[in-house]
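Here is the structure we will look at.
Protein chains in written order, with the working numbering: chain A, 288 to 401; chain B, 69 to 182.
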């Protein structure tokens, strides 16, 4: 079945450590997104990518980095510069503009600080 | 700028009651798309409906119905005869026709009490 796979489901980060969240999709979607979800704040966009080797900052990109070397993969690194990383992270994908554009989501990664 | 407001943070209803979730949006664009997503406790957001700005026809899908009114910039979601399985967080979202970002509301947490 087609879908988006996020791993791990739970992740713990130590002070000063970088951690990477994985996101893979087999939907043949061009665009991929990373959102951060905090209680009561809805979804905030961290980064998005519409084509391979290109990505754009969202509203809260500071302290995060991404890469898009393959169409199927869009990993997110939470760097030590992100001082408040505890949150639920959601990866999403969609078709390119002009088609039946809606977001498909993964099941999320809960990141906590030790 | 685009903005989506879901003023209801939490709603509790008794099973079989009807419930309406409010969504008010702001955009200066004439072409845009509105969405509703459901986030059950498992975490993954599930697509419910997509509506473009030129189609104000209300839609019904089983126990779910949506009322889109451009005059009041609202896209409300009604669940008829609610069930315990409807308990979730519901998000309203918007993307403008020429844009590449989805804008989410802060979500409404619905609890259906058996």
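Each residue gets a CB set at the ideal place from its N, CA and C atoms; glycine is no exception. Since we're looking at a predicted model, the values are computed, not measured.
* Asked: Taking only runs of the beta strand (DSSP E) that begin and end inside the stretch 358-390 of chain A, which ones reach a length of at least 3 residues, in chain order?
  -> As for any beta strand (DSSP E) of minimum length 3 sitting wholly inside the stretch 358-390 of chain A, the runs are 363-365 and 374-381, ordered along the chain.
* Report buried or exposed for residue 88 of chain B, applying the criterion of at least 16 other Cβ atoms within 10 angstroms of its Cβ. => Here residue 88 of chain B is exposed. Its C-beta has fewer than 16 other C-beta atoms within 10 Å.
* Measure how close the beta-carbons of residue 163 of chain B and residue 93 of chain B come, nearest whole angstrom, since I'm counting them as under 8 Å. => With a contact defined as Cβ atoms closer than 8 Å, residue 163 of chain B and residue 93 of chain B miss out at about 11 Å.
* DSSP puts residue 294 of chain A in a beta bridge; with which residues? -> In DSSP, residue 294 of chain A forms a bridge with A:309.
* To do: Taking a Cβ distance cut-off of 9 Å, strictly less, list which residues of the stretch 87-116 of chain B are near chain A, in chain order.
  => Within the stretch 87-116 of chain B, the qualifying residues are 101, 103, 105, 107, 110, 111, 112, 113, 114 and 115.
* To do: Measure from the C-beta of residue 376 of chain A to each C-beta in chain B and report whether the shortest distance is under 8 Å.
  => Look at residue 376 of chain A: its C-beta is not under 8 Å from any C-beta on chain B.
* Could you tell me whether the Cβ of residue 119 of chain B comes closer than 8 Å to any Cβ of chain A? => No, because no Cβ of chain A sits closer than 8 Å to the Cβ of residue 119 of chain B.
* Asked: Anyone know if the C-beta pair for residue 305 of chain A and residue 367 of chain A falls short of 8 Å?
  -> Yes, they are a contact pair.
* At a Cβ threshold of 8 Å, is residue 344 of chain A touching chain B? -> For residue 344 of chain A, the answer is no, since every Cβ of chain B falls outside 8 Å of its Cβ.
* Reducing DSSP to helix, strand and coil, say where residue 84 of chain B ends up. => Three-state DSSP puts residue 84 of chain B in coil, outside helix and strand.
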